[in-house]
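This report refers to the structure that appears directly beneath it.
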Amino acid sequence: PAHGGNPGQTDGLSLLDVVLIDSLGLGRVGELPLASSAVLTGRNGRRKTSLLQLLLLCYRESPIRIVTVEAGRETFTGNYLPRTTSYLAFEYQRHGGHKRMVVAYADRTGERVLYRFIRSHFDVSQFIRADGEFVKVPDFRTHLQTHGFQYSERQIESQSDYRNIIQGIPCNSTDKQHQLYLRQLTQD
Numbered sequence: 008p009a010h011g012g013n014p015g016q017t018d019g020l021s022l023l024d025v026v027l028i029d030s031l032g033l034g035r036v037g038e039l040p041l042a043s044s045a046v047l048t049g050r051n052g053r054r055k056t057s058l059l060q061l062l063l064l065c066y067r068e069s070p071i072r073i074v075t076v077e078a079g080r081e082t083f084t085g086n087y088l089p090r091t092t093s094y095l096a097f098e099y100q101r102h103g104g105h106k107r108m109v110v111a112y113a114d115r116t117g118e119r120v121l122y123r124f125i126r127s128h129f130d131v132s133q134f135i136r137a138d139g140e141f142v143k144v145p146d147f148r149t150h151l152q153t154h155g156f157q158y159s160e161r162q163i164e165s166q167s168d169y170r171n172i173i174q175g176i177p178c179n180s181t182d183k184q185h186q187l188y189l190r191q192l193t194q195d
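Each position in the sequence shown, counted from 1, maps to that position plus 7 in my numbering.
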């Protein structure tokens, strides 16, 4: 259930920004701030609706339901994560005021969306190397580690695990270590 004035706020979590890294705009970093009012304007075909649909991903919707091939469009990853340097970053604030981020990116086949939680606010240096080039997904974890950012050891590979973390719902796995790991991500 939504609270007060911030449309991106749910129990214990407030979505602050959606950042597109080399996503809808080739070679660009675009930001949709949500902590205050925002207005999207532009001519038809400029991907305003595509940008707004990203909010659904943060709020637990499956990528397959956001972009449907039947509607004549590319897959979710083909649309939003088309390159090995494409990322979607959702910066949020926990109830205690701590800023965190979850980053979505495509797997190596380009078919699935994977997630990594980062214990930090958005910083462009998380995605751009010192030479100005975008960090490739296979190098993302090492890049974060080299630059001193704390991140989840394992990437989240299932939509249901991601949804459970965001919603704070215990997972149904019989693997006790996996349950503990997801619970720690939920509480962080």
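Every residue gets a Cβ at the ideal spot worked out from N, C-alpha and C, and that includes glycine.
Pairing Phe124 with Leu192 gives a Cβ-Cβ distance under 8 Å. Within the same chain, and ignoring the five residues on either side of Ser127 in sequence, the residues whose Cβ sits closer than 8 Å to its Cβ are Lys106, Arg107, Met108, Gln133, Phe156 and Gln157. Using a Cβ distance threshold of 8 Å, Phe97 and Leu27 do not count as a contacting pair. In the displayed model, Val144 falls within a helix according to three-state DSSP. Only residues of its own chain outside the window of five on either side were considered, and among them Leu121 have a CB closer than 7 Å to the CB of Glu164, listed in chain order. The Cβ neighbour count for Thr92, taken over all protein chains shown within 10 Å, is at least 16; the residue is labelled buried. A direct Cα-to-Cα measurement between Gly117 and Asp29 gives close to 15 Å. With 16 or more other CB atoms across the displayed protein chains lying within 10 angstroms of its CB, Thr84 is buried.
Cβ contact annotation for Asn171 (same chain, cutoff 8 Å, sequence separation greater than five): Pro177, Cys178, Leu189 and Thr193, in chain order. DSSP places Asp168 in the helix class (H, G or I) of the three-state scheme.
Around the beta carbon of Val131, fewer than 16 other beta carbons lie within 10 angstroms, which makes this residue exposed. Across the structure, Gly37 and Leu95 are spaced so that their CA atoms are roughly 10 Å apart. DSSP, reduced to helix, strand and coil, places Ile176 outside both helices and strands of the structure shown, so it counts as coil.
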